[in-house]
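Chains as they are written, first to last, in our numbering: chain A, -2 to 509; chain B, 138 to 463. Idealized CB from N, CA, C, for every residue including glycine. Working notes for the structure below.
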């Protein structure tokens, strides 16, 4: 909670009024309003498709409005190009920070507005001096000469922030800045936001995480389906009210209730180790169980899952499927042994554009639908139809190009693809990362259903509520090792965070 | 895809028909069946190579070494024929396919195991293959009088009214039609090009699939190497110089997406036939070589622009259906 008792409302730096933006067939924004005040953080809240990204693109001059006015200090402006927005002092730090890997930190900060010498050439020395000063101001632990590609995601954010400061921005837009950051990095980001506030910058903060919003925002604005719902001071609203404004309904029960009955052992992993990523991973998984894997980003969870799935090779360790020792030399081995992996990155799990729907569904099951090396299209179609119906896939025809499906239906195709392999174990890596609350509930519902049907689920997640709400048991990883295995009443936010962060005494204080 | 490709193929087919009709209006003899068969026979090597290239391009690679591979294999089998005139033709063909396949495998291994960009790999091997021809032949030609009658006669032998060369092209087309539509390898090729990351997670080995695509392309180049040298009854360092670009052009005109994942056997064949018709028909009606080149070039640009347009339409449809589901 921020203790800012309703500041004597200063006049808005940026004020968007009755902004409308239409794309062919879709009204992305319908007469929305948004005000940003100096020295304050305004959280823009809304489900996916509410129009947040469109708003950011309008503010940064990437899209032009179809109606309404944008005022800066009360004067109407039009942003024809991103350059116009930059000149007006608006800068954005994007979800996937848009920077140049092959350039140095200083070049990234000053690209487009580098200091020039008297011949009109870039004054490299001056540029590095300025950059070093900016980096020192924000406490960045690296030099301006560092190659960007050598930095982690958190440090790349610092570069983006330094860049924002270098253009003397008055408005800083942060679009899901914490999505890929670890706990500690997020704390550092919060401090930086405080610094920016103290300098009088107006900050637009976009996040799906409510704890974050209540921690650092002063104001909120809620959009729903491209329309304006309401705004106000964070201090005057509760989390529940904000959620119901956002979804237009009250959300009481978020996680599905399910009978937590588990069967015999399906998978046992003994002593899995890797030279650099993880070591000595042991656990077992039972039929119909949801096993959560919690940890900070970089704890080695995804790396271990990739080894279990045969993408990388462990240096040591065996795994047993139904009691038989198996070696996963390749993803094909894993799929054959009934283990499938839905990766975190949506591009990686995505559909193969260019293949029709039914061929996308049968891609990993071709061994079963072919005879003596030749595919049998009728068999494929039958298999695809079965799973498409089970998932209520809405498509004119399974022969249709998958590119013509909506995003939600494409996701169903991806799930149908995995279920059609009749797996025993499904690994879901961050299954709800970056998706809105409504879709999250649907994913959780579906996960519970799979477990009820006897499928064993391994769920890698960094979201504590999801871990607690869904898992039968939780394994916490830290620095490539299993830090703890928790079940029953031990699965509490405090214990999860303590084990994940390696906190042994009270001094650091686990956040609630 | 099932709905898109036929449209694209129909347009290309119509373009070829219009071209033939235009030429026929000036010179009726062009549409005589025997002449059309000649045009097809002339285009057969391009068709065979375009199919190999198609497979490679579909997996997001490119094979610039096909013409050099063809020339090297052609020279090698010609020299073998000179040294051992009694070697039966099936053995010669097996040697050509094997040699070509091995050269393709070299490209494939470099792309797969060393992750060198395909354009760089095949640019390098293209130059090396040409260099090897010079080494083994000393820069000398192998002329028709040195080759055995069986060697030069095979592609020209007429079977059911068509030369063997044409039949080989037809068999290749049918084989590829089945391979692309009805085998796991064919499906993997589309998956690897359409979304390599997703392919990995479905258990498809991306690098290995690309390797085999290069082997297929190389083997076909080797086969064409023998057919080419035998048909023209001459082998020298520079045969089929620059032909690799014509092969890539045939694929592009035929709607094979240079970004991988989208394309069809029918498209590649029609693309090759289009170029073959342009090359054979225009001189007949006294159109200057400049216009031949200009028409081929324009066809490439039109094909790419057309494909880009159909891609955009797709984007709009997604938005519409997104609206419909809300």
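- The residue among A:480, A:9, A:294, A:356 with its C-alpha nearest the C-alpha of residue 167 of chain A is A:9.
- Taking the Cβ atoms as the reference, residue 444 of chain A lies roughly 16 angstroms from residue 336 of chain A, outside the contact range of under 8 angstroms.
- Taking the Cα of residue 233 of chain B as reference, the smallest distance to any Cα among B:242, B:243, B:214 is reached at B:214.
- Assignment of beta-bridge partners to residue 66 of chain A by DSSP yields A:14.
- In the three-state reduction of the DSSP assignment, residue 334 of chain A falls in the coil class.
- Residue A:295 holds the alpha-carbon nearest to the alpha-carbon of residue 182 of chain A among A:262, A:238, A:295.
- In terms of beta-carbon proximity, residue 338 of chain B lines the interface with chain A, with at least one pair separated by less than 9 angstroms.
- Between residue 337 of chain B and residue 397 of chain B, the C-beta spacing is not below 9 angstroms.
- Per DSSP, residue 221 of chain B is not a residue of any beta strand (DSSP E), being assigned neither H nor E.
- By the Cβ neighbour-count rule, residue 57 of chain A is buried, with 16 or more other Cβ atoms within 10 Å of its own.
- Of the candidates B:175, B:282, B:184, B:426, B:184 places its Cα closest to the Cα of residue 386 of chain B.
- A residue is called buried when at least 16 other Cβ atoms come within 10 angstroms of its Cβ; residue 419 of chain A does not meet this threshold and is exposed.
- At least 9 angstroms separates the beta-carbon of residue 436 of chain B from that of residue 167 of chain B.
- Looking only at B:256, B:327, B:439, B:241, the smallest Cα-Cα distance to residue 400 of chain B is reached by B:327.
- In the DSSP annotation of this structure, residue 99 of chain A is not part of any alpha helix (DSSP H), being labelled neither H nor E.
- Straight across, the Cα-Cα distance linking residue 255 of chain B with residue 239 of chain B is about 16 angstroms.
- Chain-order list of chain B residues neighbouring residue 371 of chain A: 319, 320, by C-beta distance under 7 angstroms.
- The region 175 to 214 of chain B contains no complete beta strand (DSSP E) run of 3 or more residues.
- Under a criterion of Cβ atoms nearer than 9 angstroms, the residues of chain A adjacent to residue 324 of chain B are, in order, 352, 356, 359, 360, 363, 372.
- Distance from the CA atom of residue 464 of chain A to the CA atom of residue 123 of chain A, rounded to whole angstroms, is 49 angstroms.
- Within chain B, the residues placing a beta-carbon under 7 angstroms from that of residue 338 of chain A are 338, ordered along the chain.
- When beta bridges are read from the DSSP output, residue 372 of chain B appears opposite B:279.
- With a threshold of 9 angstroms between beta carbons, residue 308 of chain B makes no contact with chain A.
- Following the DSSP letters along the chain, one finds residue 240 of chain B inside the alpha helix (DSSP H) bounded by residues 226 to 250.
- Within the same chain, Cβ atoms closer than 7 angstroms to the Cβ of residue 79 of chain A are found at 57, 58, 59, the five residues on either side in sequence being excluded.
- Between residue 390 of chain A and the set A:398, A:402, A:151, the nearest pair of CA atoms involves A:402.
- Considering only beta carbons, the part of the region 389 to 416 of chain B lying closer than 9 angstroms to chain A consists of 394, 397, 398, 399, 400, in chain order.
- The three-state reading of DSSP puts residue 268 of chain A in strand, counting E and B together.
- Going by DSSP, residue 290 of chain A is part of the beta strand (DSSP E) stretching over 287 to 292.
- Closest option to residue 7 of chain A, judged by alpha-carbon separation, among A:192, A:216, A:97: A:216.
- Its chain contains 278, 279, 280, 281 as the residues whose beta carbon lies nearer than 8 angstroms to that of residue 371 of chain B, once the 5 sequence neighbours on both sides are disregarded; these appear in chain order.
- In the structure shown, the three-state DSSP call for residue 378 of chain A is helix.
- With respect to the C-alpha of residue 427 of chain A, the residue from A:461, A:220, A:396 having the closest C-alpha is A:461.
- Under the 9 angstroms criterion on CB atoms, residue 332 of chain B is classed as interfacial with respect to chain A.
- Here residue 153 of chain B is actually not in contact with residue 439 of chain B; their C-beta atoms are around 13 angstroms apart, not less than 8 angstroms.
- Linking residue 455 of chain A to residue 399 of chain A through their CA atoms gives a straight-line distance of about 28 angstroms.
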